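> The sequence shown begins at 1 in full-length UniProt numbering and counts up one residue at a time.
Each residue gets a CB set at the ideal place from its N, CA and C atoms; glycine is no exception.
Computed from a predicted model, the values in this text were never measured in an experiment.
Handing you this structure, nothing more for now.
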Amino acid sequence: MDFDVLIVGGGPVGLMTASELALAGVRTCIIERRHTPSHYSKALTLHPRSIEILEMRGLAERFKEKGRPLSAGHFAGLNQSLDFSLLDTRANYTLFIPQTETEKVLEEHVQQLGVCILRGHEVLAVRQCEESAELVVQGPDGLSFLTASYIVGADGAGSTVRKQAEIAFFGTDASVTAKLGDVALENPPKSHFHKCINQEGAVVIVPLSPGNYRVISMAPHKPQPLLHEPVTLEELKKDITSICGTDFGINHPVWMSRFGNASRLAECYRSGRILLAGDAAHIHFPAGGQGLNVGLQDAMNLGWKLAAVINGRSSDWLLDTYHTERHPVGAELLRNTQIQTKLFDFTREGLYLRDLLSSLLTFPDVNRYLAEQIAALSVDYEADEKMPEHHLNGKRLPDLELTLAGGNTKHLYSFLHKGSFLYVAFGEEQIKLPDLPHVRIIRAKAIDNRPEWDDVKAALIRPDGHVAWAVSRSQAEAEQWIAEGIRRWCGNVHIQSA
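Here is the structure:
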């Protein structure tokens, strides 16, 4: 075969998937129809869980250098902001960073890992058989046929991979449309996140760079052109003027687009040797800036599992958990954004409702609840039924501060940079672990200020920062379960002490 995995789509989701595979030594190639990277800003935010997974791979600082941390987010553009500083994470902010910069950092990373990227290549057909999968690709030199063990479709809402695999894409078409433009403003508003919301509609303005702004408008009372029709500067100017009373001197459009609230979810994220991630698996109204973030988290979940199967360390049961874990997240994403879309109601009654909900967001518990949803910090996975019950099994793991056996302290994510499993043993007790070559072991005295960890004697942390399993009995008493748990999750992997 030409490669172990072929990834269709060279955006952030495809790049993140490729980086996870390459960390595990999987031969990976990205097929991208664009000849050059996009220079449009597109998505603008990385939310706390995305920053956490980047921290797990030692990449977060590269993104922070390119972005700007903001403590506030929003739910349906309500007047009361979401306060990310309330969240249980070291990444208690959203990072304002254009997608162009996100793609640059990820592409540099995958190139350092030796990933092949074929630009200017368009996928015409996708085929699979029992032992391999194939792409028919049109490139600069004509048709070519590429084979791999698996194909990942990260090729967006109109995914060729999804269509060729005949995976149903259930949901609804757009009933609401909006416009956006990356433009210059001669007389910009003074506030960083400027909103005009009234019975005429809504306008949001955020600065991109000195002199350049993202302007978004929803004007439901005006005629709604078809989604594929280009947005004109005059059209955007009329929306802004009717809603805000001024056009802020809008000029020099760099990029303008029209989008809607179509909501669709793939019936399955895996069909044999074909897998879907990001917009290829789920589309929705871009409320709260969640789409790119959920796509990156899809990639984080998929990459290490696919690598484990390809490298012979696990069987199909692990790869099947990609669908069982991430499909419900996609369904919740659609529910969340559909709720927000309903709140973009600019009738008098709708504005009353928005005011009421804004007042509720002044209560810290309410604010934190919605902020956790937008930030994806509330995502936990079902516990492994093959392992003894424990309240931590399947839980998302924050970047905890560990006091190690030697007395020094380190943050837990620093042990996940290479994408391996992490076995954490607490106390002085030592047991003989299975001779499996690929899990990192650390011995810790305590996890600071985390009462839910007080009785834990050992835990296995997945490469994506979720708890595979934990035990509260002594390691000697639980030795059989620990050995079986490591074999089940990690297979034939290397164990190294640290």
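1. Would you call residue 493 buried or exposed, if buried means 16 or more other Cβ atoms sit within 10 Å of its Cβ?
2. Go to residue 255, then tell me how far its beta strand (DSSP E) extends in each direction, as first and last residue.
3. If you measure between the beta carbons of residue 219 and residue 239, is that distance less than 7 Å?
4. Are there 16 or more other CB atoms within 10 angstroms of the CB of residue 496, so buried, or fewer, so exposed?
5. Pull up the CB-CB distance for residue 153 and residue 139, whole angstroms please, since I reckon it's below 8 Å.
6. Taking 7 Å as the threshold (C-beta atoms), are residue 36 and residue 115 in contact?
7. Based on DSSP bridge pairs, tell me the residues matched to residue 466.
8. For residue 407, tell me which candidate among 427, 456, 14, 231 has the shortest Cα-Cα distance.
9. Going by beta carbon distance, what residues of the same chain come within less than 8 Å of residue 498, once the five residues before and after it are set aside?
10. Could you compute how far the alpha carbon of residue 200 sits from the alpha carbon of residue 351?
11. Please list the terminal residues of the continuous alpha helix (DSSP H) segment that includes residue 408.
12. Enumerate, from N- to C-terminal direction, the unbroken alpha helix (DSSP H) stretches of 4 or more residues contained entirely within the stretch 111-193.
13. For the beta strand (DSSP E) that contains residue 217, what are its first and last residues?
14. For residue 463, count neighbouring Cβ atoms within 10 angstroms of its own Cβ and tell me buried if that reaches 16, exposed if not.
15. Would you please state the rounded distance, in angstroms, between the beta carbons of residue 446 and residue 17? I believe it to be under 8 Å.
16. Can you name, in chain order, every residue of its own chain whose Cβ lies under 6 Å from the Cβ of residue 14, other than the five neighbours on each side?
17. In angstroms with no decimal places, state the Cα-to-Cα distance between residue 232 and residue 305.
18. Within the continuous beta strand (DSSP E) that includes residue 32, where are the two ends?
19. For the stretch 17-73, list the alpha helix (DSSP H) runs that are entirely contained and at least 4 residues long, ordered along the chain.
20. Please check the pair residue 150 and residue 188, which I expect to be a contact at CB under 8 Å, by giving their CB distance rounded to whole angstroms.
21. Exposed or buried, which one is residue 365 when buried takes at least 16 other CB atoms within 10 Å?
22. Would the beta-carbon of residue 64 fall within 7 Å of that of residue 99?
23. I need the DSSP call for residue 455, collapsed to helix, strand or coil.
24. CA-CA distance, residue 348 and residue 221?
25. Find the nearest neighbour of residue 47 within the set 267, 87, 21, judged by alpha-carbon distance.
26. Rounded to a whole number of angstroms, what is the C-alpha to C-alpha distance between residue 249 and residue 49?
27. Which whole-angstrom value describes the C-beta separation of residue 202 and residue 164, a residue pair presumed to lie in contact below a C-beta threshold of 8 Å?
28. Could you check whether residue 96 and residue 178 sit closer than 7 Å to each other, using their CB atoms as the reference points?
29. Please list, in chain order, all residues of the same chain as residue 169 whose beta carbon is under 7 Å from its beta carbon, the five residues on each side excluded.
30. Comparing alpha-carbon positions, which option in 418, 129, 39, 294 lies nearest residue 51?
31. How should residue 286 be labelled, buried or exposed, when 16 other C-beta atoms within 10 angstroms of its C-beta is the threshold for buried?
32. So, is residue 110 buried or exposed, given that buried needs 16 or more other C-beta atoms within 10 angstroms?
33. Can you name, in chain order, every residue of its own chain whose Cβ lies under 6 Å from the Cβ of residue 102, other than the five neighbours on each side?
34. For residue 196, which beta-bridge partners are listed by DSSP?
35. Assuming residue 273 contacts residue 320 (C-beta within less than 8 Å), just tell me the rounded distance between them.
36. What number of angstroms, rounded off, separates the C-alpha of residue 243 from the C-alpha of residue 84?
Short version:
1. Taking the sequence shown and counting its residues from 1, the one referred to as residue 493 is at position 493. Since pLDDT at residue 493 reaches only 44, below the 50 mark, its modelled position is unreliable, and the value read off the structure follows with that caveat. Residue 493 should be labelled buried.
2. Here residue 255 refers to the residue found at position 255 when the sequence shown is read from its first residue. Taken as a continuous stretch (DSSP letters only), the beta strand (DSSP E) holding residue 255 covers 250-260.
3. Working through the sequence shown from its first residue, we reach residue 219 at position 219. Working through the sequence shown from its first residue, we reach residue 239 at position 239. Yes. Within cutoff.
4. On the sequence shown, residue 496 is found 496 positions in, with the first residue counted as 1. Below a pLDDT of 50, predicted positions are generally treated as unreliable, and residue 496, at 48, falls in that range; no measurement from the model is reported.
5. Counted from its first residue, the sequence shown places residue 153 at position 153. Counted from its first residue, the sequence shown places residue 139 at position 139. No, residue 153 and residue 139 are not in contact; Cβ-Cβ is about 18 Å, not under 8 Å.
6. Taking the sequence shown and counting its residues from 1, one reaches residue 115 at position 115. Taking the sequence shown and counting its residues from 1, one reaches residue 36 at position 36. Their beta carbons are not under 7 Å apart, which means residue 115 does not touch residue 36 by this criterion.
7. One-based indexing of the sequence shown puts residue 466 at position 466. Beta-bridge pairing links residue 466 to 396.
8. Residue 407 sits at position 407 when you count from the first residue of the sequence shown. Among 427, 456, 14, 231, the Cα nearest to that of residue 407 is on 427.
9. Locating residue 498 in the sequence shown gives position 498, where the first residue counts as 1. Note that residue 498 has pLDDT 46, beneath the 50 cutoff, so the model's placement of it is unreliable and no number is given.
10. Taking the sequence shown and counting its residues from 1, the one referred to as residue 200 is at position 200. Taking the sequence shown and counting its residues from 1, the one referred to as residue 351 is at position 351. The alpha-carbon atoms of residue 200 and residue 351 are separated by roughly 11 Å.
11. In the sequence shown, residue 408 corresponds to position 408, counting from 1. Taken as a continuous stretch (DSSP letters only), residue 408 belongs to no alpha helix (DSSP H), as it is neither H nor E.
12. 160-164
13. In the sequence shown, counting from the first residue as 1, residue 217 sits at position 217. It spans 212-218 - the beta strand (DSSP E) in which residue 217 sits, taken as one unbroken run.
14. To locate residue 463, count along the sequence shown from 1; it is residue 463. With 16 or more Cβ atoms within 10 Å of its Cβ, residue 463 is classed as buried.
15. Translated into positions along the sequence shown, residue 446 becomes position 446. Translated into positions along the sequence shown, residue 17 becomes position 17. Not confirmed; about 36 Å, so no contact.
16. Residue mapping note: residue 14 aligns to position 14 of the sequence shown, counting from 1. Only 7, 30, 154 meet the Cβ criterion.
17. The sequence position of residue 232 within the sequence shown is 232, counting from 1. The sequence position of residue 305 within the sequence shown is 305, counting from 1. If I take the Cα positions, the gap works out to 45 Å.
18. Against the sequence shown, residue 32 aligns to sequence position 32. Looking at the DSSP string, the run of the beta strand (DSSP E) that includes residue 32 is 28-32.
19. 48-56, 60-66
20. As a first step, residue 150 is located in the sequence shown; it is residue number 150 there, counting from the start. As a first step, residue 188 is located in the sequence shown; it is residue number 188 there, counting from the start. Wrong, their Cβ atoms sit about 48 Å apart, outside the cutoff.
21. In the sequence shown, residue 365 corresponds to position 365, counting from 1. The residue is exposed, with fewer than 16 neighbouring Cβ atoms inside 10 Å.
22. Within the sequence shown, numbered from 1, the residue matching residue 64 stands at position 64. Within the sequence shown, numbered from 1, the residue matching residue 99 stands at position 99. Not a contact, by the Cβ cut-off of 7 Å.
23. Start at 1 with the first residue of the sequence shown, and residue 455 comes out as number 455. Residue 455 falls in the coil class under three-state DSSP.
24. As a first step, residue 348 must be located in the sequence shown, where it is residue number 348. As a first step, residue 221 must be located in the sequence shown, where it is residue number 221. Approximately 14 Å between the Cα atoms of the pair.
25. Start at 1 with the first residue of the sequence shown, and residue 47 comes out as number 47. Among 267, 87, 21, the Cα nearest to that of residue 47 belongs to 87.
26. Numbered from 1 along the sequence shown, position 249 holds the residue referred to as residue 249. Numbered from 1 along the sequence shown, position 49 holds the residue referred to as residue 49. Between residue 249 and residue 49, the C-alpha separation is close to 37 Å.
27. In the sequence shown, counting from the first residue as 1, residue 202 sits at position 202. In the sequence shown, counting from the first residue as 1, residue 164 sits at position 164. Actually they are not in contact, since the Cβ atoms of residue 202 and residue 164 sit about 38 Å apart, beyond 8 Å.
28. Along the sequence shown, one-based indexing puts residue 178 at 178. Along the sequence shown, one-based indexing puts residue 96 at 96. No.
29. Position 169 of the sequence shown, counted from the first residue, corresponds to residue 169. Cβ within range, chain order: 162, 264, 266.
30. Taking the sequence shown and counting its residues from 1, one reaches residue 51 at position 51. Selected option, being the one with the closest Cα: 294.
31. Within the sequence shown, residue 286 is the residue found at index 286, counting from 1. Under this definition residue 286 is a buried residue.
32. As a first step, residue 110 must be located in the sequence shown, where it is residue number 110. Its Cβ being crowded by 16 or more others within 10 Å, residue 110 is buried.
33. As a first step, residue 102 is located in the sequence shown; it is residue number 102 there, counting from the start. For residue 102, where only same-chain residues beyond five positions count, the Cβ hits under 6 Å are 12.
34. If you number the sequence shown from 1, residue 196 lands on position 196. Paired residue(s): 203.
35. Position 273 of the sequence shown, counting from 1, holds the residue named residue 273. Position 320 of the sequence shown, counting from 1, holds the residue named residue 320. With a Cβ gap of about 13 Å, residue 273 and residue 320 do not count as contacting.
36. Taking the sequence shown and counting its residues from 1, one reaches residue 243 at position 243. Taking the sequence shown and counting its residues from 1, one reaches residue 84 at position 84. Spanning the two alpha carbons is a distance of roughly 29 Å.
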